[in-house]
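Working notes, beginning with the structure itself.
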Amino acid sequence: MKKDFSLLAIVLLQLICFNASAKIWRVNNNAGASADFSAFDAAVYSALVVNGDTLYIEGSATSYYDASISKQLTIIGTGYFLDPADVNYPANVGLQYNKYSSVIRSINLLTGSSGCKFIGIVFSGGTIYGDNAWNNITFEKCEIAESFYVPNASNSGLTIRKCFVLSTLNCSSGSLTDFTCENNIFTGFYASPYLANLSGSNNIFRNNSFASSGIGTVTTIANCYVANNIFAQNNNTPVNFTNCNIKNNLFQQNQTLPPSAVNNLINVDMSTVYVGGTTGSLDSRMVLKAGSPAIAAGVTVGAVVTPDCGAFGATDPYKLSGIPAIPTIYSLTAPTSIPSGTNSMNVTFSTRNNN
10 MKKDFSLLAI VLLQLICFNA SAKIWRVNNN AGASADFSAF DAAVYSALVV NGDTLYIEGS
70 ATSYYDASIS KQLTIIGTGY FLDPADVNYP ANVGLQYNKY SSVIRSINLL TGSSGCKFIG
130 IVFSGGTIYG DNAWNNITFE KCEIAESFYV PNASNSGLTI RKCFVLSTLN CSSGSLTDFT
190 CENNIFTGFY ASPYLANLSG SNNIFRNNSF ASSGIGTVTT IANCYVANNI FAQNNNTPVN
250 FTNCNIKNNL FQQNQTLPPS AVNNLINVDM STVYVGGTTG SLDSRMVLKA GSPAIAAGVT
310 VGAVVTPDCG AFGATDPYKL SGIPAIPTIY SLTAPTSIPS GTNSMNVTFS TRNNN
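Read left to right, the sequence shown gives residues 10 to 364 (the working numbering).
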């Protein structure tokens with residue numbers, strides 16, 4: 010019963026929220042689970058699953074592996090940093106009853122995948138790539154722990170928001186317009202964007218937090234509005250900006266900036282910026298500490314005047330563990346056994362809407 014209860018409840022609650030023409034499908038590879046599909050690729054390739062449908066990828070200790078996608082789908086997982094017993098990636102406790110993430114290894118986004126959205130998915134052990142141009146693809150509240158390659162084509166409308174990124178976001182082959190990257194956390198040895206081939210005037214790189222110290226911190230950004238970011242880089246390699254509008258960022262290194270750049274802080278002592286430490290989830294360590302120079306140091310975003318710099322600032326801040334903005338069960342109490350002849354039982358559960 011425990012296996013299916015959390016996401017089954019989510020599905021039931023969400024049925025009233027979706028257009029009648031779209032359908033929600035459950036994908037669960039746990040042994041004995043009752044779901045529409047037991048494999049991610051089987052759901053993607055099924056003729057029953059059509060443009061506009063949603064796949065709920067339920068938490069599992071086993072990866073859902075790979076798929077090539079040629080449909081417009083919304084694919085929703087359970088978030089990340091959920092398992093209290095995981096010493097390598099400590100959990101944000103009390104957010105999900107199901108302690109397992111929804112892990113997908115590789116995705117190949119093909120023609121027909123325009124408009125796809127990935128929310129609360131862990132990408133690990135493979136590659137995010139495309140054999141064809143991407144248009145209006147969104148990654149939100151995902152953990153991206155694998156190679157991420159923008160296709161060698163004319164791409165547009167890629168959005169990466171509120172994600173926890175452990176790898177390089179690479180746009181060095183094809184071109185990309187209308188790119189948005191905001192309220193993400195970049196951490197780890199290889200975590201950085203390499204965005205040399207951005208083009209056009211509608212690219213935004215805003216309110217991102219870096220805590221990288223490895224070779225991945227060598228970052229190139231071209232043709233972009235760059236604001237309210239915290240660039241923590243310990244290898245003393247400046248960010249390579251080309252034709253960028255640069256405002257209200259914090260730089261750990263001695264960054265050289267063009268004359269047009271305004272209100273940026275250089276040579277910032279990062280020990281004064283983040284809560285840091287060695288306990289708690291990796292994303293919770295990126296919260297600003299009291300008195301941080303990043304507090305209220307940002308340029309206005311929407312209705313938020315002088316927002317905090319970094320992932321937790323502006324109009325739609327980063328959410329711990331990437332929990333999707335749908336109702337979830339975070340606590341469940343049920344009898345371990347039911348006496349013979351009993352026709353009812355008491356179950357207590359607690360929910361939150363995660364908006």
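All C-beta atoms in this analysis are idealised placements derived from N, C-alpha and C, irrespective of residue type, glycine included.
Discussion item. To the nearest angstrom, how far is the alpha carbon of ALA320 from that of ASP45?
Written reply: Reading the sequence shown from its first residue, position 311 is the one you call residue 320. Reading the sequence shown from its first residue, position 36 is the one you call residue 45. Going from the Cα of ALA320 to the Cα of ASP45 covers about 36 angstroms.
Fill in: Which of helix, strand or coil DSSP assigns to ALA200
The residue given as residue 200 occupies position 191 in the sequence shown. In the structure shown, ALA200 sits in coil (DSSP, three-state: anything other than H, G, I, E or B).
Discussion item. Let's see if you can read the secondary structure: which residues bound the beta strand (DSSP E) around VAL235?
Written reply: Along the sequence shown, read from residue 1 onward, the residue named residue 235 stands at position 226. Looking at the DSSP string, the run of the beta strand (DSSP E) that includes VAL235 is 234 to 236.
Discussion item. Here's the rule I'm using: 16 or more other beta-carbon atoms within 10 Å means buried, otherwise exposed. How should SER176 be labelled?
Written reply: Here residue 176 is taken as the residue at index 167 of the sequence shown, counted from 1. Flag for SER176 reads buried.
Discussion item. Measuring alpha carbon to alpha carbon, tell me which residue in TYR98, ASP75, GLN105, GLY124 is nearest THR419.
Written reply: For the chain, the structure presents residues 10 to 364; residue 419 sits outside this window and is missing.
Discussion item. Tell me which residues share the same chain as LYS12 and place their Cβ nearer than 6 angstroms to its Cβ, disregarding the 5 neighbours each side in the sequence.
Written reply: Position 3 of the sequence shown, counted from the start, is the residue given in the question as residue 12. Unreliable positioning characterises LYS12 in this predicted model, as indicated by a pLDDT of 42, which lies under 50. The coordinate reading is nonetheless provided below. So the qualifying residues of the chain are ASN39, ALA42.
Worksheet item: How long is the line joining the alpha carbons of VAL282 and ILE230, rounded to whole angstroms?
Response: As a working note, residue 282 is residue 273 in the sequence shown. As a working note, residue 230 is residue 221 in the sequence shown. Computed Cα separation, rounded: 23 angstroms.
Practice prompt. Tell me whether LEU341 sits in a helix, a strand or coil according to DSSP, three-state version.
Written response: By one-based count along the sequence shown, residue 341 stands at place 332. At LEU341, the pLDDT of 48 sits below 50, so the modelled position is not reliable; the number obtained from the coordinates is stated separately. Three-state result, LEU341: strand.
Worksheet entry | Closest by C-alpha distance to THR189, when choosing among LYS108, SER210, GLY197, ALA303 | Against the sequence shown, residue 189 aligns to sequence position 180. The option with the nearest alpha carbon to THR189 is SER210.
Discussion item. Here's the rule: buried if 16 or more other CB atoms are within 10 angstroms of the residue's CB, otherwise exposed. What is VAL284?
Written reply: Position 275 of the sequence shown holds residue 284. Answer is exposed; the Cβ neighbour count stays below 16.
Worksheet entry | Classification of LEU4 by the beta-carbon crowding that lies within 10 angstroms, buried from 16 upward | Here the chain has residues from 10 to 364 only, and residue 4 is not among them.
Worksheet item: Taking just the CA atoms, how far does THR71 sit from ASN237?
Response: For the purposes of this step, residue 237 is taken as the residue at position 228 of the sequence shown. For the purposes of this step, residue 71 is taken as the residue at position 62 of the sequence shown. Their Cα atoms are separated by approximately 38 angstroms.
Practice prompt. Enumerate, from N- to C-terminal direction, the unbroken beta strand (DSSP E) stretches of 3 or more residues contained entirely within the stretch 117 to 195.
Written response: If we require 3 residues or more, the beta strand (DSSP E) runs fully inside the stretch 117 to 195 come out as 126 to 128, 131 to 138, 147 to 149, 152 to 158, 163 to 165, 168 to 170, 177 to 179, 184 to 186, 189 to 191.
Item to complete: For SER181, count neighbouring C-beta atoms within 10 Å of its own C-beta (all shown protein chains included) and say buried if the count is 16 or more, exposed if not.
Response: By one-based count along the sequence shown, residue 181 stands at place 172. Looking at its Cβ environment, which holds fewer than 16 other Cβ atoms inside 10 Å, SER181 is exposed.
Worksheet entry | Own chain residues within Cβ distance below 7 angstroms of VAL277, not counting five before or after | Here residue 277 refers to the residue found at position 268 of the sequence shown. Correct list, in chain order: LEU259, PHE260, GLN261, PRO302.
Fill in: Between the CA atoms of ALA76 and ASN206 - distance to the nearest angstrom
Counting from 1 along the sequence shown, the entry for residue 206 is found at position 197. Counting from 1 along the sequence shown, the entry for residue 76 is found at position 67. Each residue's alpha carbon lies about 27 angstroms from the other.
Discussion item. So the candidates are PHE127, ALA100, ILE146; which of them puts its Cα closest to the Cα of THR120?
Written reply: Start at 1 with the first residue of the sequence shown, and residue 120 comes out as number 111. Comparing Cα-Cα distances from THR120 to each of PHE127, ALA100, ILE146, the minimum goes to ILE146.
Worksheet item: So ASN141 and SER165 are in contact, right, with Cβ under 8 angstroms, and what is the actual spacing, rounded?
Response: The residue labelled residue 141 in the question sits at position 132 within the sequence shown. The residue labelled residue 165 in the question sits at position 156 within the sequence shown. About 13 angstroms separates the two Cβ atoms, so there is no contact after all.
Item to complete: For ALA154, count neighbouring Cβ atoms within 10 angstroms of its own Cβ and tell me buried if that reaches 16, exposed if not.
Response: Counting from 1 along the sequence shown, the entry for residue 154 is found at position 145. Per the 10 Å Cβ criterion, buried.
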